[in-house]
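First the structure, in the form of structure tokens, and then the observations on it.
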Amino acid sequence: MLLKFDELNALPIPDVFTNVTGLGTKSYGTDCVIPEDDTCPLCGHHNCFRLHTDTNQAHCYSCGDHSSVIDLVMKLCDLSSPVEAASAITKMEFEPYTPATVVQAEPEPDTRNLERVAEINAATAEYYHRNLLGKMDALVYQTVTRGHNVKTLMVTKVGYADGGLVAALRERFSEEEILETGMARLQNGRLVDIAPAGVYVYPHFVDGRGVRFTFKDPTGNFKFQQPKRYWLSGAFWYGQDSLERSGAIALVEGENDRLALMEVYDGPVLASIGSISSEQVGFIKSLGREVITFFDNDDAGDRYRQKFDARHIIVPERGGDIDSYLRGGGDFMALLAVFTPKFEVIKPLLPGACGSESFNDTGNANRMARLYGPDLRYIRETDAFIQWVEHSWVPAGVQVLEFAKRTAAAVLAEGQVMIASDDENIRKRGADQVAYANRLHNLGLMKAMIELVKPKVEIRTVELDADPMLVRVKNGVIDLKMQRYRENRRQDLITSVCPVEYDPKAASLLWLRFLAEITCGDAELAAFLKRLVGYMLTGRTDEQLLFFFYGHGSNGKSTFIQIIQALMGSYATQINSDVLMANRSVGGPNASLAKLPGKRLVVANELPEGGRFDDMLIKSMTGGDTLVARQVYGKHEIEFTAQFSLVIIGNHKPAIHDMSHGMWRRMCLIPFAAQFSAEQADPTLPARLLAELPGILNWALEGVAEWQEHGLKRSLPAAVVKANDDYREESDLLGEFLSGCILQPDAYTPATELYQAFQTFACEGNEWRMTQRVFNKKMAERGFTKLRRDSKAGFRGIALTADMPRVFESVKLTV
């Protein structure tokens with residue numbers, strides 16, 4: 010018989026345990042059972058062995074053993090391999106066994122006057138809270154010893170017991186009503202407080218109602234808690250009233266953990282108070298919100314973390330908790346920079362995982378997709394694979410062939426298991442499978458497997474690095490919109506990385522001095538550069554700007570952009586400036602554009618003197634248009650929308666002949682006016698600035714926040730506004746020509762005459778020459794009226810001067 014490991018491991022572990030050992034089980038909490046003798050069958054210790062029904066795993070908290078169903082049978086029966094254990098299970102006359110669990114009685118209906126109970130709970134919370142604020146020793150303990158802020162204590166209404174609650178409540182409520190809250194008990198016929206003097210009281214609120222109380226005794230002597238039957242409905246976590254706050258839900262274990270975290274974190278903070286039940290897990294999942302856990306760094310905390318699909322923050326010291334970390338002076342922002350990635354549940358490679366596929370190319374591709382699909386993606390446009398390795402998507406290269414080899418090896422291993430079967434038919438099929446698996450190791454069959462797996466894991470280029478407000482750094486991902494740091498996730502499909510570790514404490518003093526020098530002390534311009542780099546760090550193109558870093562040599566602009574390129578790593582790329590120039594060769598595939606998908610900074614260096622921009626391409630690259638490119642020898646065109654900021658570096662200003670608003674609203678010339686002599690040059694400066702990249706990253710992150718608040722176009726510095734006005738005026742060839750003409754309302758010049766004069770003017774400066782049709786259109790845009798005189802078309806309001814080339818007899822000028 011074929012061994013189906015996954016089905017065997019899915020058998021209820023309490024039933025298997027009982028069948029193997031003959032011992033019954035009993036309930037222990039909501040998701041756990043224990044042996045009826047409460048003894049670990051592996052180490053013999055008491056009160057430590059648990060069969061977890063939610064995960065179908067066994068664990069001993071004394072000897073540390075952790076087992077699946079098959080592992081447990083192998084150990085209990087002293088077998089040598091999982092195959093033997095699986096065979097033993099299949100040979101058992103397995104009768105599903107109902108464990109001798111304690112049957113949970115149906116809860117009795119709550120017949121109390123719940124509104125009255127809530128009223129007494131409110132009075133109880135108020136009484137204990139007034140006690141805390143009025144007793145100096147108790148307040149000193151909470152504020153000095155525990156380090157909690159008075160405001161936090163007041164918001165959460167932390168209280169202090171003095172033994173006088175019953176006496177205070179008797180003034181308004183009967184003894185029967187007080188007993189129904191569970192906050193008092195009868196002792197020798199007399200009603201007394203449940204919490205003795207010296208105990209701190211923590212009320213739990215849901216929708217403004219007090220629903221439960223928990224207690225903490227600094228001496229550790231009082232361990233009693235309010236029985237669950239007295240809680241009002243909806244009491245799952247301590248701090249549920251904070252869910253009205255925005256942001257991710259922070260989960261902690263105890264009351265002091267919650268109070269400590271509330272003082273450094275603005276979002277909702279909830280404490281489990283004891284082991285976490287399935288009801289508590291279900292409540293959190295039902296909220297559908299992002300979760301961050303701050304559970305203790307111990308075995309219990311490790312178990313709790315596995316219950317939640319969340320970002321897990323763990324204090325450095327084993328045995329520590331968030332309360333002790335913060336009280337000890339720990340840096341909260343630094344702690345956020347260290348995380349444990351989300352737990353990912355990937356099925357293990359077990360016999361049977363290959364599935365019931367045919368032994369052909371299609372079946373092999375299905376096997377490979379099943380085994381390695383989570384770790385593999387195929388990009389159709391570039392005909393390339395990427396793989397998930399150590400929490401990063403990276404080019405797969407020849408590793409794809411390794412996946413095919415492992416698939417063949419898995420088929421072989423499954424066949425070998427079948428050969429070990431007692432069933433002759435299964436052994437025969439296993440021999441056939443082993444023979445096929447040996448052939449599957451041939452290169453031709455593996456290549457066919459790889460070719461057919463492509464459609465099963467295919468994605469498009471536009472799906473990669475698609476979220477413009479996520480940026481990956483060496484040690485995680487930063488959500489630029491929320492200014493939060495987290496782990497890199499498979500579903501993000503991020504393939505680029507800033508090769509810098511995020512360190513929220515890193516500074517960049519040298520970088521700030523450098524900025525002050527290259528901006529000549531212009532604080533407004535330096536602040537603009539900060540917002541600009543923050544904007545570059547995103548994949549947003551809202552501003553629709555082309556950035557032109559202009560200035561003669563030795564002014565710091567090249568060093569500035571080189572450091573930013575180093576900061577942005579594979580998010581940045583460089584192109585030849587010829588790509589952006591008019592009159593370039595336009596035939597064939599545009600490989601320069603084909604490398605731009607997913608990039609956020611594109612730099613073109615050193616523009617040629619006398620060159621002219623390709624106005625239409627500039628508009629497409631900065632205007633959010635769909636760009637089409639194809640790699641050299643590429644099979645497919647790549648369609649993508651620009652996510653990059655285009656930066657041009659130059660000592661010369663290229664001519665821009667498109668004087669339309671659509672073109673000039675995109676131009677952002679940034680002047681670099683500083684001049685550094687050879688004596689001032691510091692050859693070590695780039696290396697010293699690179700050493701500050703973590704601090705420069707923090708500076709850029711501040712720039713992201715400032716850009717989101719102020720933008721770029723809305724807050725252009727005076728130096729940038731003047732530089733762009735000057736550039737536009739210099740580029741207005743037609744305007745320069747018209748400034749030499751006579752402009753009078755009754756003047757008239759034939760269009761042909763005017764155009765010939767403009768052509769001669771443009772040729773003298775070796776400038777751009779437009780067609781007469783374009784010339785006429787631009788004249789009309791300047792407000793000149795076209796009319797006919799003597800059967801000739803011309804323009805009213807303009808005449809040529811005597812020193813301009815013209816056909817004089819054609820000019821009619823009224824003075």
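Okay, so the sequence shown: first residue is 10 according to the numbering used here, each after it adds one. Virtual Cβ for every residue (Gly too), placed ideally from N, Cα, C.
Asked: Using the C-alpha atoms, what's the distance from residue 627 back to residue 667?; Found: 11 Å
Asked: Please determine if the region 325 to 336 and the region 293 to 312 are in contact, where contact requires at least 3 C-beta pairs separated by less than 8 Å.; Found: yes
Asked: For residue 27, tell me which candidate among 483, 98, 91 and 796 has the shortest Cα-Cα distance.; Found: 98
Asked: Straight-line CA distance for residue 506 to residue 652?; Found: 15 Å
Asked: Is it right to say residue 315 is buried, meaning 16 or more other beta carbons lie within 10 angstroms of its own, or is it exposed?; Found: exposed
Asked: With H, G and I counted as helix, E and B as strand and the rest as coil, what does DSSP make of residue 113?; Found: Note that residue 113 has pLDDT 45, beneath the 50 cutoff, so the model's placement of it is unreliable and the number below is only indicative. If DSSP states are grouped into helix, strand and coil, residue 113 belongs with coil.
Asked: Note the first and the last residue of the continuous alpha helix (DSSP H) segment covering residue 779.; Found: Neither: residue 779 is in no alpha helix (DSSP H) and is coded neither H nor E.
Asked: Out of 248, 67, 269 and 58, which has the shortest C-alpha to C-alpha gap to residue 153?; Found: 269
Asked: Using the three-state DSSP reduction, which class does residue 680 fall into: helix, strand or coil?; Found: strand
Asked: Considering only the beta carbon of each residue, do residue 373 and residue 454 sit closer than 8 Å?; Found: yes
Asked: Give the secondary structure of residue 321 by DSSP, where H, G and I count as helix, E and B as strand, and everything else as coil.; Found: strand
Asked: According to DSSP, is residue 172 helix, strand or coil?; Found: coil
Asked: When you compare the CB positions of residue 189 and residue 238, do they come within less than 8 Å of one another, or not?; Found: no
Asked: Can the beta-carbon of residue 301 be found closer than 8 Å to that of residue 247?; Found: no
Asked: Could you give the distance in angstroms between the alpha-carbon of residue 501 and the alpha-carbon of residue 607?; Found: 13 Å
Asked: Could you check which residue in 793, 721 and 782 has the C-alpha nearest to that of residue 752?; Found: 793
Asked: Is it the case that the region 168 to 188 contacts the region 117 to 137, given that we only count it when at least three CB pairs across the two stretches are under 8 Å?; Found: yes
Asked: With distances taken between CB atoms, is the gap from residue 555 to residue 631 smaller than 8 Å?; Found: yes
Asked: Secondary structure at residue 792, three-state DSSP: helix, strand or coil?; Found: coil
Asked: Could you give the residue range of the beta strand (DSSP E) that holds residue 341?; Found: From DSSP, residue 341 is part of no beta strand (DSSP E) but of the alpha helix (DSSP H) over 341 to 345.
Asked: Measuring only the C-alpha atoms, how far is residue 810 from residue 679?; Found: 37 Å
Asked: Alpha helix (DSSP H) containing residue 87: first to last residue?; Found: Residue 87 -> no alpha helix (DSSP H), and no H or E assigned at all.
Asked: Rounded C-beta distance between residue 445 and residue 368? I'm assuming under 8 Å.; Found: 5 Å
Asked: Kindly list the residues whose CB is nearer than 7 Å to the CB of residue 504, restricted to its own chain and excluding five residues on each side of it in sequence; keep chain order.; Found: 395, 402, 473, 474 and 607
Asked: Can you tell me where the alpha helix (DSSP H) holding residue 333 begins and where it ends?; Found: 331 to 336
Asked: For residue 211, which of 393, 235, 486 and 198 has the nearest alpha-carbon?; Found: 235
Asked: If you follow the beta strand (DSSP E) that residue 801 is in, where does it begin and where does it stop?; Found: 801 to 808
Asked: Taking the alpha-carbon positions, what's the residue 450 to residue 425 distance?; Found: 15 Å
Asked: Taking buried to mean at least 16 other C-beta atoms within 10 Å of its own C-beta, is residue 219 buried or exposed?; Found: buried
Asked: Kindly indicate which three-state DSSP category residue 144 falls into: helix, strand or coil?; Found: coil
Asked: Give me the Cα-Cα distance between residue 469 and residue 386, rounded to the nearest whole angstrom.; Found: 10 Å
Asked: Mark residue 686 as exposed unless 16 or more other C-beta atoms lie within 10 angstroms of its C-beta, in which case mark it buried.; Found: exposed
Asked: Could you tell me whether the Cβ atoms of residue 496 and residue 320 are closer together than 8 Å?; Found: yes
Asked: Between the C-alpha atoms of residue 100 and residue 67, what's the straight-line distance to the nearest angstrom?; Found: 22 Å
Asked: With a cut-off of 8 Å, do at least 3 Cβ pairs link the region 433 to 443 to the region 411 to 425?; Found: yes
Asked: At which residues does the alpha helix (DSSP H) containing residue 407 begin and terminate?; Found: Counting along the chain, residue 407 falls outside any alpha helix (DSSP H), and DSSP gives it neither H nor E.
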